[in-house]
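Novice: Everything in the sequence shown is counted per numbering that gives the first Met the number 0, starting at 0 for the first residue and increasing by one. Yeah, the Cβ is synthetic: ideal placement off N, Cα and C, and Gly gets one too.
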Amino acid sequence: MHRRPLHSPLRARLGLACLALALACACAGTPVFTPRLVSHSSPHAAGAAPLAASPLAAAIDARLAASESKLIAWRRHLHQHPELSNREVETARFVADRLREMGLELRTGVARHGVVAVIRGGKPGPVVALRADMDALPVTEEVDLPFKSTAQGTYEGRTVGVMHACGHDAHTAMLLAAADALVSVRAELSGSVVLIFQPAEEGVPRDEHPAGAELMVKEGVLDDPRVDVVFGLHVFAGRPTGQVGWRSGPVLAAADKFEIQVIGHQTHGSKPWSGIDPIVVASEIVGALQTIVSRTVDLTNEPAVVTVGQFESGVRNNIIPDRARLVGTIRTFDAAMREDVHARVQRIAENVAAAHGARVEVKLEPGYPVTANDAALTERMLPTLERVAPGDVVEVRKITGAEDFAYYASRVPGLFLFLGVTPPDRVATADSNHSPRFYVDESALPTGARLLAHLAADYLAGDTSLP
Ligand SMILES: [Zn+2]
Ligand SMILES: [Zn+2]
């Protein structure tokens, strides 16, 4: 990871090679925890004059400042009670209870456990959606916190620990706090805010598809009222607490799964000539697949990744088996490249197998599409980011992780942002998202809540920079 000099806070670039959204990982390292709350510099402070807040923005900030302890308490409750994807029963109940306390009418049971509420402003105007995801991961928490998760769940038939190892507890709490602030100024809002609390971002078994954002969109969360733009954010480890990352255009990859069954012919390990060895054939396929990215994809256009993550075959040293199975992931940022890489995987598998007299069955399962931030919307909202996190806004590189926020952003213009949650002195050694040692510095959360509330209020106000 490296970082260029920051010539301009808005244009500063940042390396994010280690982000592992949607990728299970477990980095080594011993976290040191120094929970603390920072007070955010007032937007009225000296030096912030060009980005001064409107009275509306000031009222939102005042409400958020007053509810900061609630935000932290909500997050801790959610952290201690995580639920796996499509199992977010108590989480949804908690969210619905908080929204009802705010006086909001809501829909529950959307896309199984999703909760959707609408804040109707006092004046007419556009409709903004704010999205948070609520699910946790089959990870046993190793972080020593007073509110550490000891929850268990069932994943792929096994009993597992459950942990908010991707920070969706923080997302949910921040959106609740933003909602509370927006409700407090609803009379002044010109338009509506749709609050989307979605389940199952981390993925579900095949027989539960569609799910998460895809199903939320299918069940009409962007339709009534008709949403004009959607905002979301993701916390991540390895970036300093409170830093806000943005990128225009494609930012997170499409993530597709492939599975290749190589069918050879079983024989005794001492007589390979009397069979067709699927292990050798599958090995050649693994090698040949490497040429897709290294030799055939135009990497000056967009990056791409082809990874074989599973290679299974055989039971004994002297039996050549019938079959070998390869399973992998494809990451792309462009529809044409995505199609091209899929075709190449299929063709390489078929032809390498044919060269050896073996057969293949290739399955390509499309996963989350590319998450692309709308260029005009991104440009329009940059002053909001700078006002919320003055001097701490950076342009990020593309990230080869994936997010189902893509389903919203492919229907309406969207902007998906990143929030650093690692204390600055731990950035180099932070355990990544999905690690059992993933740690959220809670002092970043008020910034995230402010970001969501101000994105909505500024968009509705039609002016993102000045009163
Ligand atoms: Zn995740
Ligand atoms: Zn996540």
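Verify whether the separation of the beta carbon atoms of C403 and A212 is less than 7 Å.
Specialist: Position 404 of the sequence shown, counted from the first residue, corresponds to residue 403. Position 213 of the sequence shown, counted from the first residue, corresponds to residue 212. Position check: residue 403 holds Asp in this sequence, whereas Cys was assumed. Yes, the Cβ-Cβ distance between D403 and A212 is below 7 Å.
Novice: Got a sec? Which residues, its chain only, sit under 6 Å from D227 by beta carbon, not counting five neighbours each side?
Specialist: Numbered from its first residue, the sequence shown carries residue 227 at position 228. Within the same chain, D227 has close Cβ partners P125 and V126.
Novice: Classify R157 as buried or exposed, calling it buried when 16 or more other Cβ atoms lie within 10 Å of its own Cβ.
Specialist: One-based indexing of the sequence shown puts residue 157 at position 158. Classification of R157: exposed, given that the 10 Å Cβ count is below 16.
Novice: Note down the Cα distance separating H78 from A236, rounded to an integer number of angstroms.
Specialist: By 1-based counting over the sequence shown, the position of residue 78 is 79. By 1-based counting over the sequence shown, the position of residue 236 is 237. Their Cα atoms are separated by approximately 16 Å.
Novice: Among H170, A252, P277 and E349, which one has its Cα closest to the Cα of E301?
Specialist: Locating residue 301 in the sequence shown gives position 302, where the first residue counts as 1. Comparing Cα positions, the closest option is A252.
Novice: With a threshold of 6 Å (Cβ to nearest heavy atom), would E213 be considered close to ligand 1?
Specialist: Taking the sequence shown and counting its residues from 1, the one referred to as residue 213 is at position 214. No, ligand 1 has no heavy atom inside 6 Å of this Cβ.
Novice: Using the Cα positions of A281 and R343, report the straight-line distance between them to the nearest angstrom.
Specialist: If you number the sequence shown from 1, residue 281 lands on position 282. If you number the sequence shown from 1, residue 343 lands on position 344. Taking the straight line joining both Cα atoms gives about 16 Å.
Novice: Is the separation between the beta-carbon of A408 and that of Y367 shorter than 7 Å?
Specialist: One-based indexing of the sequence shown puts residue 408 at position 409. One-based indexing of the sequence shown puts residue 367 at position 368. Their beta carbons are not under 7 Å apart, which means A408 does not touch Y367 by this criterion.
Novice: Just checking E87 against ligand 1 - is the residue's beta carbon closer than 6 Å to any of the ligand's heavy atoms?
Specialist: Along the sequence shown, one-based indexing puts residue 87 at 88. Answer for E87: no, Cβ out of range of ligand 1.
Novice: Do R74 and A186 count as a contact pair if the criterion is CB distance below 7 Å?
Specialist: For this step, residue 186 is matched to residue 187 along the sequence shown. For this step, residue 74 is matched to residue 75 along the sequence shown. No, they are not a contact pair.
Novice: D478 by DSSP, collapsed to three states: which one?
Specialist: Absent from the structure is residue 478, since the part of the chain shown begins at 0 and ends at 466.
Novice: Measuring only the C-alpha atoms, how far is V285 from R130?
Specialist: On the sequence shown, position 286 is the one that residue 285 refers to. On the sequence shown, position 131 is the one that residue 130 refers to. Each residue's Cα considered, the two are about 39 Å apart.
Novice: Using the rule of at least 16 other Cβ atoms within 10 Å of the residue's Cβ for burial, across every protein chain shown, is W272 buried or exposed?
Specialist: For the purposes of this step, residue 272 is taken as the residue at position 273 of the sequence shown. When all chains shown are included, W272 counts as exposed.
Novice: At a cut-off of 6 Å, is E201 close to ligand 1 when judged by its beta-carbon and the heavy atoms of the ligand?
Specialist: If you number the sequence shown from 1, residue 201 lands on position 202. It does: the Cβ of E201 is within 6 Å (strictly closer) of some heavy atom of ligand 1.
Novice: Ignore the nearest five residues each way along the sequence and tell me which others in H76's own chain have a CB closer than 8 Å to its CB.
Specialist: For this step, residue 76 is matched to residue 77 along the sequence shown. Cβ within range, chain order: F93 and F146.
Novice: Leaving out the 5 sequence neighbours to the left and right, which residues in its chain are closer than 7 Å to A254 when beta-carbon positions are compared?
Specialist: What you label residue 254 is simply residue 255 of the sequence shown in a count that begins at 1. Correct list, in chain order: A21, T328, R330, G366, Y367 and A401.
Novice: Quick check: the Cα distance between S325 and H112, rounded to an integer number of angstroms?
Specialist: Within the sequence shown, the letter at position 326 stands for residue 325. Within the sequence shown, the letter at position 113 stands for residue 112. Checking the displayed sequence, the identity of residue 325 turns out to be Leu instead of Ser. Rounded to the nearest angstrom, the two C-alpha atoms are 34 Å apart.
Novice: In whole angstroms, what is the alpha-carbon distance linking I347 and I291?
Specialist: Position 348 of the sequence shown, counting from 1, holds the residue named residue 347. Position 292 of the sequence shown, counting from 1, holds the residue named residue 291. Approximately 9 Å, taken between the alpha carbons.
Novice: Identify, in the order they occur along the chain, each residue of the same chain with its Cβ nearer than 6 Å to the Cβ of Y313, setting aside the five sequence neighbours on each side.
Specialist: Indexing the sequence shown from 1 puts residue 313 at position 314. Here residue 313 turns out to be Gly, not Tyr, going by the sequence shown. Same-chain partners within the cutoff: P320.
Novice: Could you tell me the alpha carbon to alpha carbon distance between L454 and Q260, rounded to whole angstroms?
Specialist: Within the sequence shown, numbered from 1, the residue matching residue 454 stands at position 455. Within the sequence shown, numbered from 1, the residue matching residue 260 stands at position 261. So the alpha carbons of these two residues sit roughly 48 Å apart.
Novice: Are R436 and V142 touching if we call contact CB-CB under 7 Å?
Specialist: Looking up residue 436 in the sequence shown gives position 437. Looking up residue 142 in the sequence shown gives position 143. The answer is yes: Cβ separation under 7 Å.
Novice: Write down every uninterrupted run of the alpha helix (DSSP H) in the segment 328-374 whose length is 4 residues or greater and which is fully enclosed by it, in chain order.
Specialist: Entirely contained in the segment 328-374, the alpha helix (DSSP H) runs reaching 4 residues are, in chain order, 334-354.
Novice: Could you tell me the distance, in whole angstroms, from the CA atom of T29 to the CA atom of Q151?
Specialist: Looking up residue 29 in the sequence shown gives position 30. Looking up residue 151 in the sequence shown gives position 152. At T29, the pLDDT of 29 sits below 50, so the modelled position is not reliable and the matter cannot be decided from this model.
Novice: With burial defined as no fewer than 16 other Cβ atoms inside 10 Å of the residue's Cβ, what is the status of N432: buried or exposed?
Specialist: One-based indexing of the sequence shown puts residue 432 at position 433. Buried is the call here.
Novice: Which residue from E201, D168, E82 and K362 puts its Cα closest to that of G160?
Specialist: In the sequence shown, counting from the first residue as 1, residue 160 sits at position 161. Nearest option by C-alpha distance: E82.
Novice: Suppose you measure from the CA of T153 to the CA of H341; what does that come to, to the nearest Å?
Specialist: To locate residue 153, count along the sequence shown from 1; it is residue 154. To locate residue 341, count along the sequence shown from 1; it is residue 342. Rounded to whole angstroms, T153 to H341 spans 33 Å at the Cα level.
Novice: Assign N85 to one of two classes, buried (16 or more other C-beta atoms within 10 Å of its C-beta) or exposed (fewer than that).
Specialist: Translated into positions along the sequence shown, residue 85 becomes position 86. By the 10 Å Cβ count, N85 comes out buried.
Novice: With a 10 Å radius around its C-beta and 16 neighbouring C-beta atoms as the bar for buried, classify Q289 as buried or exposed.
Specialist: Locating residue 289 in the sequence shown gives position 290, counting from the first residue. It counts as exposed.
Novice: Ends of the alpha helix (DSSP H) at H167?
Specialist: Sequence index remark: in the sequence shown, residue 167 carries index 168 (1-based). H167 to S183 is the span of the alpha helix (DSSP H), which, as asked, contains H167.
Novice: Is the beta carbon of E364 less than 7 Å from the beta carbon of K256?
Specialist: Residue 364 sits at position 365 when you count from the first residue of the sequence shown. Residue 256 sits at position 257 when you count from the first residue of the sequence shown. Yes, they are a contact pair.
Novice: So Q151 is in the alpha helix (DSSP H); what residue range does that whole segment cover?
Specialist: Here residue 151 corresponds to residue number 152 of the sequence shown, with the count starting at 1. Looking at the DSSP string, Q151 is not in any alpha helix (DSSP H); the run it does join, the beta strand (DSSP E), is Q151 to Y154.
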